[in-house]
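Reviewing the structure listed below.
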Amino acid sequence: MYKYNDFDEAFIRSRNKQFRAQVERRIDGSLTEDEFRPLRLMNGLYLQLHAYMLRVAIPYGTLRSDQMRQLAYIAERWDKGYGHFTTRQNIQYNWPKLTDVPDMLDALGDVQMHAIQTSGNTIRNVTADHFAGAAADEIEDPRPTAELVRQWSTDHPEFQALPRKFKIGVTGSPNDRAVTKSHDIGLRIVRGGSGQTGYEVLVGGGLGRTPMVAQVIRPFLKKADLLPYLEAIVSTYNLWGRRDNKYKARIKITVFENGMEKFRDAVEERFKVTRQEFSGADQDVLREIEAHFAAPAFRNAPEDAFHAARDADPVFRSWTDTNLTAHRAPGYVIVTVSLKAHGETPGDASADQMRLLADLADKYGHGELRISHEQNVILPHVHKSDLPALHAALKTERLATANIGLVSDIIACPGMDYCALATARSIPVAQEISSHFKAIGLEEAIGQLKIKISGCINACGHHHVGHIGILGLDRAGVENYQITLGGDHTENMVIGERAGPGFAYDEIVPAIERILRAYLEVREDASETFLDAYRRLGPAPFKAALYPAEAERDAA
Amino acid sequence: MSRAFTPKVVTANALIEGDVVYLTSDDRWTREHGEAELIRDEAHAQLRLLQAEKQRSVIVGAYLADAKPGPNGPEPIHFREAFRTRGPSNYAHGKQETSNV
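As you go down the protein sequences, you meet chains E and G in turn. Converting from the first sequence to the working numbering requires adding 54 to each position, the first position being numbered 1. Converting from the second sequence to the working numbering requires adding 519 to each position, the first position being numbered 1.
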C-alpha cells in the first residue's frame, strides 16, 4: 500500500501548520467567518447542525491497520468515540471542537492521512472498487491509477476553484462496484485489442438534483495518456462550466447543454496541448506507485477447518453465505464486515470496533482494510482456514451480522440528524427498516436487495440507484419520503422511477413492507430477485401495493 | 393586508464547540431554546440579528428562526429547529447529554 515520500510528508505538515494558524486567526478575530469558511472547507471542516464535522479522506477506500487504529484513537481522544464511514469512502467525525481540529489533522498526518479537498469546488477524494487488488474478476488493480490521480489533483493549482465539486471513481473490474457511472469522471480499466490495458473514460455522471448516467467520452485511452487526458477534460470544464447557477454548475450539465460531441471535440483539442506538456515524469511516478501495491505473500493451507465449521455452525454458515466474495488467490476470500447490525446506524463504527478490525486485519488479513461506498469494512485477503476464528472475534464487537446485500444492508446519508443541508432524517428510517424486517423474519426470504436513503435531493445516499430508493423531503414543514423503484448502481446503471406521492415519517416503513410483500407474491421463485421481478413486471404491482386505495378505485 | 409577523428567535452555533445557541433578551447566548428572547416585531428582529452577527468571536451563522410562545418559554415551529434544540435521534449526544447542558 502507498507510503508517503518526503514530499508528501512535508506538504501535509505545512498545510496543517497553515490551518492551525488560520484557526488561531479566526478565534482572535483577525479572520471573519466569511474569510475563514473557504479555508476550513479546503481542510474538510464543515459546520453542521449541532457541531462541526471533520471529513477525512480514505483515498480509494484503502486503509492500513495502523491507520484504522489511529482513526479509533482520534474518535476517542477528540470526538465521541465513533466515526461515520460515508458513501464516498470518507470517515466523518461529527463532534470535533474547532480548537481541536489542528491536533486531529496532525494526528492524521502521523499515519499519512489528511482531510484536504474533502470539500469545496475541487477534485475530491478519488474513490475505487473496495475489492481492488483482491477480486477474482479484476483486470487490474485500480489503486495505482487512483493514487496517481490523487497526487495529480491534490493542490493542483488550476483546479482549486472549479465551477463546482468534481468526483473521480475508478474500477479495474468489468463488474462495477465503484459506481463509476455516477461520477463526474469514471475510469474503467479495460483490455484493448492488443492485450494492453487502458481506460474507458466516462464523463458527466452524477446523482443529486439532476441525476444523469455518465457517457463514454473515450472508449479506450492509453494508460500513459491518463493525466493529460484528465487535465484536458477538467480544464475544458473549468472554462465552460457554468458559474451563474450552482444547480447547473456540475460537468454533467456542461456536457448535457453542449452535447457530448461538442464537449468531446473541445477536450480532444485541448488534449493535443496537454499531451505535449507532460514529459513522462508522471509515468515514472506511476511505476513507483505500482510497486507499493504489490500483492501480499499468499499462503497455501488446507481448508478443512472452514468446511468443518460450516457444517457444524449454522450461524457461521449463514455469515459465510452472505459476507464473502471470490478472491483471485486459491484458498482466499474477501470478507465484508457489516457495519449494519440490525437497528444500528449504517456506516458507524465505534473506536473499539475500529481497533478490533485493525487487530484482525493484522492477524488474518495482511494488515489491509477497505471501506466500501456501501458503508461497510472489507478485509480483502483472508484465508478460508482463518474464517472460523475471524468470525468468532467479530462477534465480540457486534461485527458479525450476516446481511451483506440484504434488506438491512442499507446505505443512508447522515440526514437531518447531523447534516445542515438535509431536508429530513434518514438514519432512523434505515434503523427502523432494518429492525422491522429482522423482527418479522422476512430478511432471508426477500434476498438480494439494495435500499438506499438520502435525506435531501443532493443524494449522498444514492437513492436514485437503489433497487428501492427513499428520498426524505420537507413538505410544508413535515418530513415526507418519496420512493423510487428499479434503480441500479452497477455498470448497467439505471435511475429509479418515482413511484408516486410520498409518505409521512411513520408511514414509510409500512410502505416498504407492502412493496416487499408484493414482491414475495409476484416473484417466479426465490431465485428471482426484487430487481429482476421489477424488470419483468414493471412498476404496476408495486405501485398497487404502495397505494391500495388508488388501486381499488382504478379497479372499480 | 400584510401577513402577521411570525415571532422569531435569534439562533446560531457557538464558534468553538459548534453547539446550537440562542440569543436572550439580556444579551447572553443560551443553549436552551426556552431561554431565548421571543421577538414579536420584525424591525426589532432585524436589529437583534445585526447585533448578534457582530459577535463574530463568539458565534457563527446567526439567523432568525420561527418560534411560538409555550409554557416554558419559546418553542420551535419547524422540525429542523426542534432537532436543533436536542441533537441527533440515533444517539443521546449533543444537548441530550446532561454533561453538555
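C-beta atoms are modelled at their ideal positions from N, C-alpha and C, and glycine is treated no differently. All values derive from a computational prediction rather than experimental measurement.
Checklist entry - Residues in its own chain within less than 8 Å of S618(G) by CB, not counting five upstream and five downstream? => result Annotation note: pLDDT 49 at S618(G) (below 50); position unreliable, coordinate value reported separately. Cβ contact annotation for S618(G) (same chain, cutoff 8 Å, sequence separation greater than five): none.
Checklist entry - How would you write the range of the beta strand (DSSP E) that N107(E) sits in, first residue to last? => result Reading off the sequence shown, one finds Met at residue 107(E), where the question assumed Asn. Counting along the chain, the beta strand (DSSP E) containing M107(E) begins and ends at 106-111.
Checklist entry - Grouping DSSP H, G and I as helix and E and B as strand, with all else coil, what is N70(E)? => result DSSP, read as helix, strand or coil, puts N70(E) in helix.
Item to check | 8 Å Cβ cutoff met for Y27(E) and L281(E) | outcome: Outside the modelled stretch of chain E, which goes from 55 to 610, sits residue 27(E), for which no answer is possible.
Item to check | Coil, strand or helix - G554(E) by DSSP | outcome: Here G554(E) sits in coil by DSSP.
Next on the checklist: Run through the DSSP bridge pairs and tell me what L591(E) is partnered with.
Outcome noted: According to DSSP, which records beta bridges pairwise, L591(E) is partnered with nothing at all.
Checklist entry - Straight-line CA distance for V539(G) to L393(E)? => result Between the alpha carbons of V539(G) and L393(E) lies a distance of about 29 Å.
Checklist entry - So R242(E) and D230(E) are in contact, right, with Cβ under 8 Å, and what is the actual spacing, rounded? => result Between R242(E) and D230(E), the beta carbon gap of about 7 Å places them in contact (Cβ cut-off 8 Å).
Checklist entry - What's the call for D402(E), buried or exposed, on a 16-neighbour Cβ count within 10 Å? => result Of the residues assessed, D402(E) falls on the buried side of the cut-off, its CB having 16 or more other CB atoms within 10 angstroms.
Item to check | Nearest residue (CA-CA) to S173(E), options Q146(E), D82(E), A348(E), A129(E) | outcome: The residue with the shortest Cα to Cα distance from S173(E) is Q146(E).
Item to check | Simplified DSSP assignment, three categories, for Q485(E) | outcome: The answer is helix: DSSP assigns Q485(E) an H, G or I state.
Item to check | Beta-carbon separation (whole angstroms), G509(E) vs S480(E), contact threshold 8 Å | outcome: Yes, they are in contact, since the Cβ atoms of G509(E) and S480(E) sit about 4 Å apart, within 8 Å.
Checklist entry - Using 8 Å as the threshold, is the stretch 122-142 of chain E in touch with the stretch 424-440 of chain E, meaning 3 or more CB pairs across them? => result Touching, yes.
Next on the checklist: Buried or exposed, going by whether 16 or more other CB atoms sit within 10 Å of the CB of Y301(E)?
Outcome noted: By the Cβ neighbour-count rule, Y301(E) is exposed, with fewer than 16 other Cβ atoms within 10 Å of its own.
Checklist entry - Secondary structure at M122(E), three-state DSSP: helix, strand or coil? => result Here M122(E) carries a helix assignment [DSSP, helix/strand/coil].
Checklist entry - From what residue to what residue does the beta strand (DSSP E) around V267(E) run? => result It is not in any beta strand (DSSP E) - V267(E) carries neither H nor E in the DSSP assignment.
Item to check | Assigned secondary structure, T455(E) (DSSP; H/G/I helix, E/B strand, else coil) | outcome: T455(E) falls in the coil class under three-state DSSP.
Next on the checklist: What I want to know is whether the C-beta of R529(E) ends up closer than 7 Å to one or more non-hydrogen atoms of the ligand SAH.
Outcome noted: The ligand SAH is not part of the structure shown, which contains no ligands of any sort.
Item to check | Q485(E) versus A395(E), L496(E), L444(E), residue with shortest Cα-Cα distance | outcome: Nearest C-alpha to Q485(E): A395(E).
Checklist entry - Given a limit of 9 Å on CB to CB distance, which residues of the stretch 475-505 of chain E reach chain G? => result If the cut-off is 9 Å between Cβ atoms, the stretch 475-505 of chain E has A476, T477, A478, R479, I481, P482, Q485 near chain G.
Checklist entry - Going along the stretch 96-108 of chain E in order, which residues come within less than 7 Å of chain G, judged by CB to CB distance? => result Considering only beta carbons, the part of the stretch 96-108 of chain E lying closer than 7 Å to chain G consists of L101, L103, H104, A105, Y106, in chain order.
Item to check | Residue-level contact to chain G via CB, M55(E), 8 Å cutoff | outcome: Residue contact check for M55(E) against chain G: no CB pair falls below 8 Å.
Next on the checklist: Which residues in chain G have a C-beta closer than 9 Å to the C-beta of I81(E)? List them in chain order.
Outcome noted: Residues of chain G passing the Cβ test: L534, I535, S576.
Checklist entry - Using 8 Å as the limit for Cβ to Cβ distance, is L152(E) near chain G? => result Yes, L152(E) counts as interfacial toward chain G.
Checklist entry - Buried or exposed: which applies to A609(E), given that a residue is buried once 16 or more other Cβ atoms fall within 10 Å of its Cβ? => result Residue burial is scored here from C-beta neighbours: A609(E) has fewer than 16 other C-beta atoms within 10 angstroms and is therefore classed as exposed.
Checklist entry - The alpha helix (DSSP H) with S84(E) in it runs from where to where? => result Going by DSSP, S84(E) is part of no alpha helix (DSSP H) at all; its letter is neither H nor E.
Checklist entry - Quick one: what's got a C-beta closer than 6 Å to W132(E)'s C-beta in the same chain, skipping five residues either side? => result Cβ neighbours of W132(E) beyond the five flanking positions: P150, D154, M158.
Item to check | Where K573(G) falls, given that 16 or more other Cβ within 10 Å makes a residue buried | outcome: By the beta-carbon neighbour count (other beta carbons within 10 angstroms, threshold 16), K573(G) is exposed.
Item to check | DSSP bridge partner residues for Q536(E) (one or two, in chain order) | outcome: Q536(E) pairs with L525(E).
Next on the checklist: Closest to V389(E) by C-alpha separation, out of D413(E), A366(E), Y418(E), would be which residue?
Outcome noted: Closest option to V389(E), judged by alpha-carbon separation, among D413(E), A366(E), Y418(E): Y418(E).
Next on the checklist: Please tell me whether K611(E) has its Cβ less than 8 Å away from any Cβ of chain G.
Outcome noted: In the structure as shown, chain E begins at 55 and stops at 610. Residue 611(E) is therefore absent and cannot be evaluated.
Next on the checklist: Can you confirm whether W149(E), when its beta carbon is compared against all beta carbons of chain G, has any partner nearer than 8 Å?
Outcome noted: So, interface residue.
Next on the checklist: What residue range does the alpha helix (DSSP H) around E561(G) cover?
Outcome noted: If you look at E561(G), you'll find it in the alpha helix (DSSP H) that goes 561-572.
Checklist entry - In its own chain, which residues sit with a C-beta less than 6 Å from the C-beta of E201(E), not counting the 5 before and 5 after it? => result So the qualifying residues of the chain are Y56, I343.
Checklist entry - DSSP state of F274(E), grouped into three classes? => result The three-state reading of DSSP puts F274(E) in strand, counting E and B together.
Checklist entry - When burial is assigned at 16 or more other CB atoms within 10 Å of the CB, is F491(E) buried or exposed? => result A residue is called buried when at least 16 other Cβ atoms come within 10 angstroms of its Cβ; F491(E) meets this threshold and is buried.
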